[in-house]
Structures are given as structure tokens and as C-alpha cells.
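Engineer: Quick note: the sequence shown uses the working numbering, first residue 606, plus one each step.
A single structure is presented below for examination.
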Amino acid sequence: MAMGLRSKLNHGNSSLPRSPPYLFSSVCLLAFLSLAALLVLKVDDVAYQTKTVAGHNLKPTPWHLFEPKVFDEGTSYSRATKIVQCQYFQCRSNAIPNDPQLDPSKLASCPAFFRYIHRDLAPWSKSRISLQRVMEAKEYAAFRVVIVGGRLFVDFYYACVQSRMMFTVWGLLQLLKRYPGLVPDVDLMFDCMDKPAINRTEHRSRPLPLFRYCTTNEHFDIPFPDWSFWGWPEVNVGPWDAEFRDIKRGSRSRSWPKKWPYAYWKGNPDVGSPIRSALLECNNTKQWRTQILRQDWGEEARAGYKKSKLSSQCDHRYKIYAEGYAWSVSLKYILSCGSLTLLIAPQYEDFFTRGLLPKKNYWPVPRTDLCPNIKQAVDWGNSHPAEAAAMGKAGQDYMDTLNMDRVYDYMFHLLMEYSKLQDFKPIPPSSAQEVCIESLLCFAEPKQKQFLEQSATSLASMPPCVLPNADGRILKRWKMLKERIMKDVAQQT
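This is how it looks when you write it as C-alpha cells:
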């Protein structure tokens, strides 16, 4: 009976419907696809919330609007994958190198204009810089930089025009690479657009610390070396040391007597600059001894930048510097030519121009009666060729001393003196992203990457130059000397 029951049971089981052989595979495939879709959504969600050094998920600064950057990374998934890959998988092994072995016998004094670091930071010498004061400056900043233990963290607020943000952050990374273990912990706000924002009248009782590329006597903004020292790929301008060498070499192609005896300017007049607009009226070599050319960057790009090469623009005895929307990076290239720079009285100053002396490194041109004043400068130079040539050479020599070693030293001392004024311990906010050399290069487009790699520095073999002591009397005498020379020139016109 037991066998009969077992036989019936076996017979009954054999009659039950069996699962299709492909059901298990289908369930596995469905689970895999669901997991993949979830992963894609998660990657896309993380990427959508991640702000990057390349400008992803950032709007233009509201105080200086410009066309938002268009990214060409293909599909939204490929863009999201790149953001996640570059931002979250590049800095994991970001080891901090040991302190550099510096040769103290190679100590050198910093250029005299480094003394302005003390003046720029003087507003906080007594009150010091609190975290609250830093956070109040956020209203005017495009991004926040926090350096802790030799690692760089950036909190991104707004995009910067073109690749300014990327190249500025690259410069900071190179500083950390050059002087590992020496750069202090700092927490600072940075604006990458042109015009200073912290007016001395409005903020006199409570100045806010804000770093940018230029300042004025009426502003508290702290000047910092601009992005183009590491290259400006959008206009095909290479890293500073290489550009200076090329410009200096190009300046020797014509001797002073063979250079065109006119004043020359080439640039973009359509930037809201009254001076540049007025300069267009001077374009007459017979009447005003001046040649003015418009720079069309779109046309230059299509032509391979053959006509805008800086080293080929030193064939005139006189070159004009005219501010744009605010200050312009062009001054360092103009001074490098060895031509006599005709510097139209600037409203803005960057970190190095404060060491220039009128009638030594350049010829000052008043903003009023612009065309007659340019003509008067050209006529003087053509009547005094030796003196004019010497003045042009002095401008070039000044730029020769501003190599990248000195640029990094300026950055180092500015951050060091700033750190001494902080009354809090810098801590990266949770919203900040760590940026390292590998992650930044991962985000860079091919041409950007080429310029970045060309401007890479190496471990320093000598200490930073020695910062001059704070001495307001020296700066006051320097200011009075420049004002007296400017007054003399104005009386001659």
C-alpha cells in the first residue's frame, strides 16, 4: 500500500505544470535592467547636483552676466558619468608630499611691490578676519577656497566666464605642489569677474575680505594673480613664461629706428569702455600718429590665430594700454614688447602694476583730450629716440623680473599674511568639493588640458623670496613720487 501511495504521489507530481525554462533568466534580466536603470538615475541625480571646476550646474554671476557655457560631452548620461568619474574617483589617493628640501643659501628679496600685500590686508590688521566676515563676503563671490593640510577644497557658487575659474584653481594647486607643507590653512572668498565690489565708503565700518584680479584705491578687494598667467586657451594665449619669451624674441625682429613711429593698439572696443570708444577716434597716423585695430576673436579663431600672435605685435615704437570693462590682462603683454607703453591713466590696478613708475617704465597719458595727448607722447618719443627706447626697455625689464617664480611667491606671501589674520580654524564645508590636479585635468577639454600641462610647475628648490616689512612711509613716498611725475606730464600737455 505504501508503494501504491508513493506511486500515486509520483504520478500526481508528474502531471503538475512545470515552470518555463526561460522564466528564471527573464527574472534575472528584469532585475538587472531595473538595477541598471536605478544606477543610471542615481548617477544622473548625483551629477545634476554636483557643481564642478569646469562650470557644470553653475549659473553666470548675476553681477556680470555672460553666455552660459555649453558642454559637448554627448548624451546626458555620458556627461553625468564624466562628472561622477572626475569629481569622485580622482582624488582618493591624493597623498600630501613631504616638505621640500629648500636651499636657504638661495634666499632672495622679493620685489618692492610685494610690500602692497601689507597695505591690502591692513583693513583687518586690528579687527582680524572672522568666519562670519568671510561668510558675509559670499554675497559677492563666485567661489570659496579652503586649504587645509595641503589639500584644496572649493565651494562653487557661480560660473566664471570662459575658463577663468579652472585656471585660477589650477594656479592654487600648482602653488601647493611647489611649496608642499608650507602653504597655510586658509578660508577665503573669490570673485573671478572684472570689477571690484567692496566699496570703501559703503563698507568702511565693516570691510569684507574678497579676493579678485584687481582693485582700486576706493575698494577693499584684494588683488590676486589672474588666470592668464597659466594660459588663456579661448584666445590662444599660452602660459606667461612661454609668452614672455616669445614676445621678447619677437621684439628683437626690428631695431628701434626701424620700428613704425606710431602708437599702436589692437583690441576689443565693444566691452563698455569709454576710453576704448574714445580711442577709436584717434585712428589716424597722419593726424594723431596712431593706428587702432579692432580685434575680432571669432575671425582669429577661424584663421588659426595667425594675426593675433603677441610676439608679432611689437613692430611699433609705441603701444597703447587702454582699460576694458575694468582692468585688462593685456598690460603685461604690452609692457613685454620693449616698445614705449603709453598707459592711459588707469582706474584699476592689479597686483604687479603698482611697482611701475611713470616716465621710467611707461609714459602716462591723461584720459582727457586723448588723441592730442597720444600725439604729444609720440612726437616727444620721436624727438628723443634714445630716451624713448630706454623707457620701453625698462618696461620690458620690469616684466622680465615677473617670472612665475615671483608670481608663486606673491601668492604664497599673500595667503600667509592673510592666514595670520584669521581668528578661526579653516574647515571645509560639507558643500565643498575637493579638487586635485588629477580631477581638474579630468574635467579639462583638450585645449585647456594642453595649456594646463604646459604651465605645470615642479617642486621648489629654493625658498620663497623674503617679504619686505610693512612700512607705510615707503608706500606713501612712492605714491607721492608717482603723483608728482603725473602732474609734471599733465602740465607739459
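Every residue, glycine too, gets a C-beta built ideally from N, C-alpha and C.
Treat the numbers as computed from the prediction; the structure is a model and nothing was measured.
Would you mind sorting H661 into buried or exposed? The rule is 16 or more other CB atoms within 10 Å of its CB.
Structural biologist: Per the 10 Å Cβ criterion, buried.
Engineer: Would you mind reading off the limits of the alpha helix (DSSP H) that contains R720?
Structural biologist: Note, R720: premise wrong, no alpha helix (DSSP H); not H, not E.
Engineer: State whether the region 770-788 contacts the region 737-753, with contact taken as three or more CB pairs (one from each stretch) at a distance under 8 Å.
Structural biologist: With the cut-off at 8 Å, the region 770-788 and the region 737-753 touch.
Engineer: Measuring alpha carbon to alpha carbon, tell me which of M1016, A1065 and W668 ends up nearest Y721.
Structural biologist: The candidate whose alpha carbon is nearest that of Y721 is M1016.
Engineer: CB A746 to CB Y762, shorter than 8 Å?
Structural biologist: Against a cut-off of 8 Å, the Cβ pair of Y762 and A746 comes out as a contact.
Engineer: Tell me whether W837 is buried or exposed, calling it buried when 16 or more other Cβ atoms sit within 10 Å of its Cβ.
Structural biologist: W837 should be labelled buried.
Engineer: With distances taken Cα to Cα, identify the nearest neighbour of P862 among A991, L707 and P667.
Structural biologist: Of A991, L707 and P667, the residue nearest in Cα terms is A991.
Engineer: Thinking just about the alpha-carbon of each residue, which of I1042, P971 and R724 is nearest to the one in Q1097?
Structural biologist: Out of I1042, P971 and R724, P971 has the C-alpha closest to the C-alpha of Q1097.
Engineer: Going residue by residue through the region 763-825, where are the continuous alpha helix (DSSP H) segments of at least 4 residues, counting only ones entirely within it?
Structural biologist: List check, alpha helix (DSSP H) in window: 769-783.
Engineer: What are the uninterrupted segments assigned as beta strand (DSSP E) that are 3 or more residues long and contained completely in the region 1035-1096, given in chain order?
Structural biologist: For the region 1035-1096, whole beta strand (DSSP E) runs of length 3 or above, ordered along the chain, are 1038-1040.
Engineer: Check whether the region 916-932 touches the region 940-952, counting contact only when three or more Cβ pairs, one atom from each stretch, lie closer than 8 Å.
Structural biologist: Touching, per the Cβ criterion.
Engineer: Using the C-alpha atoms, what's the distance from V774 back to E1058?
Structural biologist: Computed Cα separation, rounded: 14 Å.
Engineer: At the level of alpha carbons, what is the spacing between R1089 and R1082?
Structural biologist: Roughly 11 Å separates the two Cα atoms.
Engineer: Give me the residue from A1095, R684, K674 and F694 with the minimum Cα distance to T973.
Structural biologist: Looking at the Cα atoms, A1095 is the closest of the given residues.
Engineer: Classify D799: buried if its beta carbon has 16 or more other beta carbons within 10 angstroms, exposed otherwise.
Structural biologist: By the 10 Å Cβ count, D799 comes out buried.
Engineer: Between the beta-carbon of K980 and the beta-carbon of W893, is there less than 8 Å?
Structural biologist: Yes, the pair counts as a contact, with Cβ atoms nearer than the cut-off.
Engineer: Give the range of the alpha helix (DSSP H) segment to which D1014 is assigned.
Structural biologist: Here the alpha helix (DSSP H) through D1014 covers M1009 to L1026.
Engineer: Going by C-alpha to C-alpha distance, which of S833, V689 and H669 sits closest to Q654?
Structural biologist: Out of S833, V689 and H669, V689 has the C-alpha closest to the C-alpha of Q654.
Engineer: Quick test of your reading: D920 and R1011, contact by CB under 8 Å. State the CB separation rounded to the nearest angstrom.
Structural biologist: About 28 Å separates the two Cβ atoms, so there is no contact after all.
Engineer: Taking the beta strand (DSSP E) that G872 belongs to, which residues open and close that run?
Structural biologist: Residues W865 to G872.
Engineer: Out of curiosity, what's the CA-to-CA distance linking L643 and A685?
Structural biologist: Because the pLDDT of L643 is 44, which lies under 50, any placement of that residue in the model is unreliable, and the question is left without a value.
Engineer: Can you tell me the Cα-Cα spacing of K1092 and I949, whole angstroms?
Structural biologist: Roughly 14 Å separates the two Cα atoms.
Engineer: On a Cα-Cα basis, can you pick out the residue from D955, T1062 and C887 that is closest to W835?
Structural biologist: Of the candidates D955, T1062 and C887, the one whose C-alpha sits nearest the C-alpha of W835 is T1062.
Engineer: Would you check if the distance between the CB atom of N978 and the CB atom of P866 is smaller than 8 Å?
Structural biologist: No, the Cβ-Cβ distance between N978 and P866 is not below 8 Å.
Engineer: Measuring alpha carbon to alpha carbon, tell me which of K964, C887 and S1044 ends up nearest A995.
Structural biologist: Comparing Cα positions, the closest option is K964.
Engineer: Please report the residue range of the alpha helix (DSSP H) in which L884 lies.
Structural biologist: Counting along the chain, the alpha helix (DSSP H) containing L884 begins and ends at P879 to L884.
Engineer: Where does L646 land, buried or exposed, given buried means 16+ other C-beta within 10 angstroms?
Structural biologist: Low local confidence applies: a pLDDT of 44 at L646 is under 50, so the model's placement there is unreliable, with the coordinate-based value given in what follows. Exposed: under 16 other Cβ atoms inside 10 Å.
Engineer: Measuring only the C-alpha atoms, how far is D875 from L898?
Structural biologist: Cα to Cα, the separation comes out at about 12 Å.
Engineer: How far does the alpha helix (DSSP H) with T686 in it extend, from its first residue to its last?
Structural biologist: Element bounds for T686: S681 to Y693.
Engineer: Would you kindly check if the distance between the Cβ of P1068 and the Cβ of L712 is under 8 Å?
Structural biologist: In contact: L712 and P1068 (Cβ atoms closer than 8 Å).
Engineer: Anyone know if the C-beta pair for L884 and L962 falls short of 8 Å?
Structural biologist: No.
Engineer: Start and end of the alpha helix (DSSP H) containing V739?
Structural biologist: Here the alpha helix (DSSP H) through V739 covers L736 to E741.
Engineer: Could you give the DSSP three-state label for V753: helix, strand or coil?
Structural biologist: In the structure shown, V753 sits in a strand (DSSP, three-state: E or B).
Engineer: Could you check where the beta strand (DSSP E) with L945 kicks off and where it finishes?
Structural biologist: Counting along the chain, the beta strand (DSSP E) containing L945 begins and ends at L945 to I949.
Engineer: Per DSSP, Q896 is paired with what?
Structural biologist: Q896 pairs with Y869.
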